[in-house]
Each structure stands twice: as structure tokens, then as C-alpha cells.
Amino acid sequence: MIRTGTAGDYLSHFGAAPEVTAHAPGRVNLIGEHTDYNDGFVLPSAIPQQAVIGLSRLEGDGVEVYASDLNEARAYRLGEETQTHSWIDYVQGVTQELVRDGHKLTGFRAHIRSDVPFGSGLSSSAALLVCLLRGLRELFGLPLDDVQVAQLARRAENGLVGANVGIMDQMACSLAQVGEALFLDCRDLTFERLKLPEDMDLVVLHSGVEHNHAAGDYNTRRAECERACELLGVASLRELGVEDLERVNALPEPLNRRARHVITENARVLETVAALRAGELGRVGELFTASHASMRDDYQVSVREVDLIVTLAEAEADVYGARLTGGGFGGSVVMIARHGTGRRAGERVAAEYARQTGRTPRLLMPAH
Ligand code: GAF
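Sequential numbering from 83 applies to the sequence shown in this note's numbering.
Have a look at this one:
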């Protein structure tokens, strides 16, 4: 298992054992997309793929980091963090926020590795941030709980990294478990853990189309939601429900679509939680299908390749439903299937998708 290799990786790279090791999983969001920065509901789960880190303190304020997946080393000094538009910004963002909060750090050395596919919509960034923060928390005895870790990770990503993301991914990577869904209210960060039903398979298929949240489209969607709020006279779209859709539909294009997606998606999260509790997997599948249509037609964050995977998945007899997971503009599809059939269905979908597009999909089974 990847976790046990961490200390050995560090040792072989730096020639000494690390003082601490830490890890954090990627996440798959079951439903509740683009609702987090609108104070809404989300329902992510952890995936077995994770980021792992080995760390040791250094004298002075130098930070040395090696990313083994990229075979790249970077160095900087605490207090001199500057944006470089590369992976080291995640590390720099974290130390900058910790120092700003008055935490006492010295320099350190880190070895990082991750098997969360980059740009897959499965939170490779948040997994890296949370695993680094867990490692630093242990190394320096920082008084941070798991919610504070998530909040600090988000500030690092919004700040030095420059991606204006919501809080879902960091909360999921810090608090979610494989086999459970984290039902999270992003307005006040209250959450509940829901055990996923035993009689379903969760399948994730990465389209091979990479996305980037520091890019413009994500920020455009956020700005559109803010503008919709101004026109509707509310502080956040969370204040509205499906009973307000008439007013929402009267907004100018595309603000009407954006707000409609967020409002109906919040309602779908609540319905999905109820259906999961009742073991009504057919209903969960219908909600997945409706969520995907809303992301494709109203929020307009899907791409041709992802739509094709959803169509192929839904043509499978044992698949209850499938939808784009994560921010969109590429990334992955999450599907639920009858227990024991998910892997085969996922393989068939992946093969047909590869044949039609020439892309290389990647099948992940968040087993439970
Ligand atoms: C990305 C962001 F990082 C999250 O905060 C969330 O907005 C998601 O897109 C869409 O639901 O993963």
C-alpha cells in the first residue's frame, strides 16, 4: 500500500528517515456541484487514491521539497513565498498562511507523492494541501483541528495559488472516508457522515481531459452567481428554493441558468441523502442524471467527452445513474451501479469511450 512506502521514499531521496509522514485522500463528489461557494449543500466521499508526504525539520528558514511524480525539486525561504504558477505554490501557499496566522515554523524538507490523477476533478490539489498540513501539524505540533486544516488549505488555494475555489474539496480531503459520504452544509460547515449502501458499486471514470480551476471559466461562473444574487436581492443563492424558480427564470441569460442550477442542485443533494438513507438506489440514479443535465445545460460546465461517458454509462443495464463530478471543463464521471457489476460496466464504458475519442480514460473504483 502506498502509505507504507512514504518513509522509504523520503529515506532514499534525502538519505535519512523522515521525522513524520502523513497522507490525505482525493475525493469524488457524489452530488452538489458548484453549490459550495453559493453556501449550499455537497455530498463528497473519499477515494482510495491519496497524496503522501514525508517531512523533517531543518535549521533556519529554508524549505526544500521534492515531488517524486514529477521528479522535480524546489526550494524557497519561509516568509519569501512568491507565486510561480507551478506545484510549489501549494506548499508556499500553506506556509504563507501558517506564518500569517502566527504559527511558529522552521524550515523543513519534504518528499511528496500522489496517485490522485492531476486535473481529474478528484481534488489532487486539496489532497496535496491537506496532506502537507497534516504533516506540518504533526511536525510542529500545530493546534489545528481537521476543519481548521480544511479552512487553511482553502485560503492557501484562494491566496498564493490563485484558484478561487470553494470549501468542499478541502473539507472532503480532511474529513471524508472511503465508503462514507460527507453530507456538508457549506454555509456553516456542519456535516454528517452517511454510510454508503452495501448493495451499490461506486465507479469513477476519468475522461483523460484535464481541467484547471485557476483558469477563467470557474471564476466566470462564480461572478455570474454573484451577479444573479445582486439582481435577486439576496446575499447568497442558498436563500432561495425551488419555489422561487419563477423569479429566477426571469433573470437575463445566462444568469437564469446559473441560479437555476444551484437552486435545483441543492434540492437534489437533500433528495439524494434521503434516497441513500432509504436505500432507493434507482432514485439516486435519477438524481444523478438530472444533476448532469443541469450541469450540462444550465451551468454549462460539461464537455463533449464527459457527456459521452455519461451517455454510455446510462445505456448500461446495471448502472443506476452517472454524472460529471467536480468543477467540470473535463475531469471525471461518477456512476453508481448494482453491486458486483460496476467494474465490468466501467470497463465496457471506458473501452467504448476510448474507441470513439482516441483518449485514454482511467477507471477508479472507490471500493467500500
Ligand atoms: C472544484 C472546486 F474546487 C470546488 O470548490 C467546487 O466548487 C467544485 O469545483 C464544483 O462543485 O472542485
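Idealized CB from N, CA, C, for every residue including glycine.
CA-to-CA, the gap between N240 and E101 works out to about 29 Å. The beta carbon of A357 is closer than 6 Å to those of R365, V366 in its chain, skipping five residues each way along the sequence. In the structure shown, Q233 adopts helical secondary structure according to DSSP, grouped into three states.
When DSSP reads this structure, V102 sits in a beta bridge with L137.
Annotation for V229 indicates a beta carbon at 7 Å or more from all heavy atoms of the ligand GAF. Pairing L369 with I170 gives a Cβ-Cβ distance that is not under 8 Å. Residue state for E362 is assigned as coil, using DSSP reduced to three classes.
Look at N240: its beta carbon is at least 7 Å from all of the heavy atoms in the ligand GAF. Rounded to whole angstroms, the Cβ separation of V316 and S256 is 29 Å, and the two are not in contact under 8 Å. For N246, the three-state secondary structure derived from DSSP is coil. Here E274 is bridged, per DSSP, to F265. By the Cβ neighbour-count rule, Q165 is exposed, with fewer than 16 other Cβ atoms within 10 Å of its own. The beta carbons of S196 and A98 sit no closer together than 8 Å. Within the chosen limit of 7 Å, the ligand GAF reaches the beta carbon of Y119 through at least one heavy atom. Taking the C-beta atoms as reference points, L204 is found no nearer than 8 Å to V351. For A235, same chain residues with a beta-carbon under 8 Å away, outside a window of 5 residues either side, are V176, A208, L211, V212, L215, Q252, C255, S256 in chain order. With contacts defined by Cβ atoms closer than 8 Å, V324 and T346 form a contacting pair. DSSP places I391 in the uninterrupted alpha helix (DSSP H) bounded by 386-396. For E280, there is no enclosing alpha helix (DSSP H), as DSSP gives it neither H nor E. Per the coordinates, the alpha-carbon of G217 lies some 7 Å from the alpha-carbon of L137. Close CB contacts of D228 within its chain, under the 6 Å cut and outside five residues either way in sequence, are with S256, L257 (chain order).
Distance from the Cα of G290 is smallest, within the candidate group G403, G189, A433, for A433. Assigned with DSSP and collapsed to three states, Y381 falls in coil, not helix or strand.
If you look at S414, you'll find it in the beta strand (DSSP E) that goes 414-420. Taking the Cα of F411 as reference, the smallest distance to any Cα among R378, P107, A397 is reached at R378. Beta-bridge annotation (DSSP): H193 is paired with G136, Y148. Close CB contacts of R219 within its chain, under the 6 Å cut and outside five residues either way in sequence, are with L226 (chain order).
In this structure, M282 places its C-beta atom within 8 Å of the C-beta atom of I418.
For E154, the enclosing beta strand (DSSP E) stretches over residues 154-159.
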